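Novice:
Numbering (our numbering), first residue to last: 47 to 601.
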């Protein structure tokens, strides 16, 4: 259950801490006082999408903390799978004006996605907007399956497993070419591709060598002139470098034995040998720079072939050769695939047979659950004042089996006798949807992991005796969960265990939301206000006391 909710700088709330009771918690107060802000703050710390407008005016950040205790074993097991242990769960979320946020669970940094998962485990909420989910047909089969419990889940897992096996087998068959026509088409294509690459006789790094030689030939005249001039300076003129080095070596030979002359001569000779070697290399380069048009055209054609193949088969020679290897392997598999495919086809028949069996059993189980749900929802709706309503779960068989079976499910409804049952979105009013949601919550509360159920004006669109039944239903839910509820109906409010009055205060030119936990005399007074308005009469007080007494609550 939600033990403590601490809110800082959220809309009209500057700083507020609420300690909730474990039973039926009722939030009272005038419209606009900030009751819904409390729920907005709770949704924020449970992982809802950030609403930037909630940040209190003039503040740089907002923060909400929630402490949960006495958590159901089912919820503890689910939290453990997410990596969170312990009998107490503390959620903390901060949002800064610069758009950054800080999320922690039990002090451990986490993401909004994980926070949302944890929030969904701990709290189940209903607001007037959430009834939209009930109108979406795709959600109906999800809701029905949850009511099917562990047995239905295990059967769904079997369907999912066999369906995945079927997908894997189909993929293997497709990789082997599928049917005979497709297989021959693939063999023909692979044969062409293999021949195209092999005929080119590509060599590793060949593209680099061809590009380098083409670049050299394109610049051959420039290279020749530069190398030739360099040769002349080093060896061919009377004043060339090598001649001068040789003359200098001869002069030093005549004075060997003095100081460091021997060393200088050796070094000078080494320089001369190095320059002579450079000249030989330059001469070889000069001889190779003669422009050969045939060579250039041959290399240019080779460049085009390499470019075309690498563009088709991977972007480089290495990847093209790797594709050649793979293509040969696939071709060999296709050549010998008939026996393999025959074996896979037999496997596919067996898997499909099991899948069909499991899907049929899943349909039967869903229909059993649907029969039970139909009776229970109909009873709930009748008790909630919809005496002439009818409810059914409509099944349609879809053409192909999926991982979710072979069923299409829709909830259909009629509010009045003699009317055709139709989709909820076409027949249910706002008040009827509120009662529908309450009916489902009553059923789900028994099996769900959430120990806190939050209702934001569940009584919208109802009044009178129906309001009294709604109050009873909410009170019955406290057998399974903590209830936190905003209400404007005295028939609902009188069933509460703990009451909180939400009001607005103006302090130093600033408006803030304040929450006061009510004692019994104030509880009676505020229920009386719901009955008769701000001018509370003795009759209204008496009526409020009587309503509380009839619920069996203390007065």
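Using N, Cα and C, we set each Cβ at its ideal position, and we do this for glycine too.
From a predicted model like this one, the values you see are computed outputs, not experimental measurements.
On the criterion of 16 or more Cβ atoms from any shown chain inside 10 Å, does residue 404 qualify as buried, or is it exposed?
Specialist: buried
Novice: So residue 297 packs on residue 310, CB below 8 Å; how close in whole Å?
Specialist: With a Cβ gap of about 11 Å, residue 297 and residue 310 do not count as contacting.
Novice: Mind checking whether residue 345 and residue 260 have CB atoms under 9 Å apart?
Specialist: yes
Novice: Output the distance between the C-alpha atoms of residue 514 and residue 395, rounded to the nearest integer angstrom.
Specialist: Approximately 58 Å, taken between the alpha carbons.
Novice: Only counting runs of 3 or more residues, tell me where the beta strand (DSSP E) segments fall wholly within the segment 491-550, in order along the chain.
Specialist: When DSSP assignments are scanned along the segment 491-550, the uninterrupted stretches of beta strand (DSSP E) that are 3 or more residues long and fall wholly within it turn out to be 498-502 and 528-532.
Novice: Measure how close the beta-carbons of residue 114 and residue 48 come, nearest whole angstrom, since I'm counting them as under 8 Å.
Specialist: With 8 Å as the limit, residue 114 and residue 48 qualify as a contact, their Cβ atoms being about 6 Å apart.
Novice: Confirm, please, whether the CB-CB distance from residue 479 to residue 180 is below 9 Å.
Specialist: yes
Novice: Is the beta carbon of residue 426 closer than 9 Å to that of residue 484?
Specialist: yes
Novice: Report the residue from 133, 95, 170 and 106 whose alpha carbon sits nearest the alpha carbon of residue 496.
Specialist: 170
Novice: Alpha carbon to alpha carbon, what distance is there between residue 320 and residue 327?
Specialist: 11 Å
Novice: Are the Cβ atoms of residue 397 and residue 215 separated by less than 9 Å?
Specialist: yes
Novice: Roughly how far, in whole angstroms, is the beta-carbon of residue 250 from the beta-carbon of residue 364, given that I think they are within contact range, below 8 Å?
Specialist: 7 Å
Novice: Give me the residue from 568, 308 and 138 with the minimum Cα distance to residue 91.
Specialist: 138
Novice: With DSSP run on the structure shown, which of helix, strand or coil describes residue 151?
Specialist: Note: residue 151 maps to strand in three-state DSSP.
Novice: Between the alpha carbons of residue 163 and residue 452, how many angstroms are there, rounded?
Specialist: 28 Å
Novice: Nearest by alpha-carbon distance to residue 237: which of 156, 372 and 304 is it?
Specialist: 372
Novice: Measure the C-alpha to C-alpha separation of residue 208 and residue 201 and round it to an integer number of angstroms.
Specialist: Spanning the alpha carbons of residue 208 and residue 201 requires a straight line of approximately 11 Å.
Novice: For the alpha helix (DSSP H) containing residue 453, list its first residue and its last residue.
Specialist: Residue 453 -> not in any alpha helix (DSSP H); beta strand (DSSP E) instead, spanning 451-460.
Novice: Excluding sequence positions up to five away, which residues of its chain have a Cβ less than 6 Å from the Cβ of residue 593?
Specialist: 540
Novice: Suppose the cutoff is 6 Å on Cβ atoms and the five residues either side in sequence are ignored; what does the same chain contact list for residue 551 look like?
Specialist: Answer for residue 551: 558 and 560, listed in chain order.
Novice: Taking the straight line between their C-alpha atoms, what separation do you get for residue 566 and residue 556?
Specialist: 31 Å
Novice: Using the DSSP secondary-structure output, state which residues sit across from residue 441 in a beta bridge.
Specialist: 455
Novice: Considering only residues of the same chain and omitting the five flanking positions on each side of residue 206, which have a CB-CB separation below 6 Å?
Specialist: Cβ within range, chain order: 449.
Novice: Just verifying my parser: in three-state terms, what is the DSSP assignment at residue 463?
Specialist: Note: residue 463 maps to coil in three-state DSSP.
Novice: How would you call residue 435, buried or exposed, if buried means at least 16 neighbouring beta carbons within 10 angstroms?
Specialist: buried
Novice: Using DSSP with H/G/I as helix, E/B as strand and the rest coil, what is residue 249?
Specialist: In the structure shown, residue 249 falls within a coil segment according to DSSP collapsed to helix, strand and coil.
Novice: By the 10 Å Cβ neighbour count, where 16 or more other Cβ atoms means buried, how is residue 290 classified, buried or exposed?
Specialist: exposed
Novice: Could you pull out every residue in the same chain whose Cβ sits closer than 6 Å to the Cβ of residue 160, ignoring the five residues on either side in sequence?
Specialist: none
Novice: By how many angstroms is the C-alpha of residue 190 removed from the C-alpha of residue 165?
Specialist: 22 Å
Novice: According to the neighbour-count rule (16 or more other Cβ atoms, all chains shown, within 10 Å of its Cβ), is residue 226 buried or exposed?
Specialist: exposed
Novice: Please go through the same chain and pick out, in chain order, the residues whose beta-carbon is closer than 6 Å to the beta-carbon of residue 621, but skip the five residues on each side of it.
Specialist: Since the first residue shown for the chain is 47 and the last is 601, residue 621 is missing from the structure and cannot be characterised.
Novice: Out of curiosity, what's the CA-to-CA distance linking residue 117 and residue 526?
Specialist: 12 Å
Novice: In whole angstroms, what is the alpha-carbon distance linking residue 211 and residue 204?
Specialist: C-alpha of residue 211 to C-alpha of residue 204: approximately 11 Å in a straight line.
Novice: On the DSSP bridge list, what partners appear for residue 65?
Specialist: In the DSSP output, where bridge partners are listed per residue, residue 65 has 50.
Novice: Tell me residue 70's beta-bridge partners as DSSP assigns them.
Specialist: Beta-bridge pairing links residue 70 to 529.
Novice: Between which two residues does the alpha helix (DSSP H) holding residue 90 run?
Specialist: Where residue 90 is concerned, the enclosing alpha helix (DSSP H) stretches over 81-91.
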